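Reading through the structure tokens given below for one structure.
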Amino acid sequence: MVLCFKLNGVPHQFAGSWRISISEAVSDAAQRVLWYFGQGTGFQGTSLSAAAQVAESMPPQLLSPKEALTTSSGNASLGSEPRHAVEDKTILMQVQNMLQKTFSKDTAAGDKVWVWTYEPSLADPQVFRAFAQVPALGRTFQGDWCRGKKFAQRNACLAVKAFLEEQGLGTDIP
Numbered sequence: 003m004v005l006c007f008k009l010n011g012v013p014h015q016f017a018g019s020w021r022i023s024i025s026e027a028v029s030d031a032a033q034r035v036l037w038y039f040g041q042g043t044g045f046q047g048t049s050l051s052a053a054a055q056v057a058e059s060m061p062p063q064l065l066s067p068k069e070a071l072t073t074s075s076g077n078a079s080l081g082s083e084p085r086h087a088v089e090d091k092t093i094l095m096q097v098q099n100m101l102q103k104t105f106s107k108d109t110a111a112g113d114k115v116w117v118w119t120y121e122p123s124l125a126d127p128q129v130f131r132a133f134a135q136v137p138a139l140g141r142t143f144q145g146d147w148c149r150g151k152k153f154a155q156r157n158a159c160l161a162v163k164a165f166l167e168e169q170g171l172g173t174d175i176p
């Protein structure tokens, strides 16, 4: 919830944290405004160290590559980072191309080889789980919970890739 108002002709915007219900979101944003102006006692700001502790306790698949690199014990090689970035950007295209080649006879012109859906986490608005439905296979592939839709989609794409390789269909994918 974002509260916008003018005070002495100056626009102000205050954003509350993500909440499940609208009433909770409005209440949280209002508490933050009151706290900012020294009138409220309900809101406690989050310290940076508390945020870092939360990031350290998250499983690696929930972290973005940048977060994973900064919270890791230094085992990651900086030289391999550009290679992984290229792989991240091309894995979706590679698997989609493989699906198109493999199921070109079973897929009508204009039909999608896969359909993406996302399930948001109730606990964190930035965490998602992606589902890739492949109509030609009659299967839906589920990824792990990941921070952001892009990482969730990539994770589910890796599940599709693993299945294709297991079935001997993914030999063209590096």
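Here this note's numbering is used: the first residue of the sequence shown is 3, the next is one more, and so on.
Note that CB positions come from ideal geometry on N, CA and C, so glycine has one too.
Remember, predicted model here, so these are calculated numbers, not experimental data.
DSSP bridge partner residues for residue i (one or two, in chain order)
i, result
"alanine 134", "Trp118, Phe143"
"leucine 5", "Phe16"
"cysteine 148", "Phe130"
Best match in the options for proximity to residue i [C-alpha to C-alpha]
i, options, result
"alanine 158", "Ala27, Asp146, Gly150", "Asp146"
"cysteine 6", "Ile22, Arg21, Glu26, Val35", "Val35"
"phenylalanine 33", "Gly18, Leu166, Gly170", "Checking the displayed sequence, the identity of residue 33 turns out to be glutamine instead of phenylalanine. Nearest of Gly18, Leu166, Gly170 to glutamine 33, Cα basis: Gly18."
"methionine 95", "Lys163, Ala31, Glu26, Trp20", "Lys163"
"leucine 139", "Ser23, Phe165, Leu160", "Phe165"
"threonine 142", "Leu160, Pro13, Ala27", "Leu160"
"leucine 144", "Trp118, Ile93, Glu26, Gln41", "Looking at the sequence shown, residue 144 is not leucine but glutamine. Here the closest residue by C-alpha is Trp118."
"phenylalanine 153", "Gln41, Gln135, Gly40, Ile93", "Ile93"
"glycine 170", "Ala111, Ala134, Gln135, Met100", "Met100"
Same chain, Cβ closer than 6 angstroms to residue i, five either side skipped, listed in chain order
i, result
"glutamine 155", "Ala132"
"glutamine 102", "Val115"
"glutamate 121", "Arg131"
"serine 49", "Its pLDDT being 43, under 50, serine 49 is placed unreliably in this model, and the value from its coordinates should be taken loosely. Around serine 49: no qualifying Cβ."
"glycine 40", "none"
"glutamine 135", "Val117, Thr142"
Residues of its chain near residue i, where Cβ-Cβ distance is below 7 angstroms and the 5 sequence neighbours each way are ignored
i, result
"glycine 11", "none"
"leucine 9", "none"
Sequence-distant residues of the same chain with beta carbon closer than 8 angstroms to residue i, five excluded per side
i, result
"glutamine 15", "Val4, Leu5, Cys6"
"glycine 76", "Caution is warranted here: a pLDDT of 46 is assigned to glycine 76, below 50, making its placement in the model unreliable, and the coordinate value is therefore given only provisionally. Nothing meets the Cβ criterion."
"glutamine 98", "Val115, Trp116"
"aspartate 30", "Met3, Gly18, Ser19, Arg21, Phe45"
"tyrosine 38", "Phe16"
"isoleucine 24", "Met3"
**Message:** With a threshold of 8 angstroms, are at least 3 pairs of Cβ atoms found where one atom belongs to the segment 117 to 128 and the other to the segment 89 to 109?
**Reply:** As far as the Cβ criterion goes, the segment 117 to 128 does not touch the segment 89 to 109, which means the pair count is below three.
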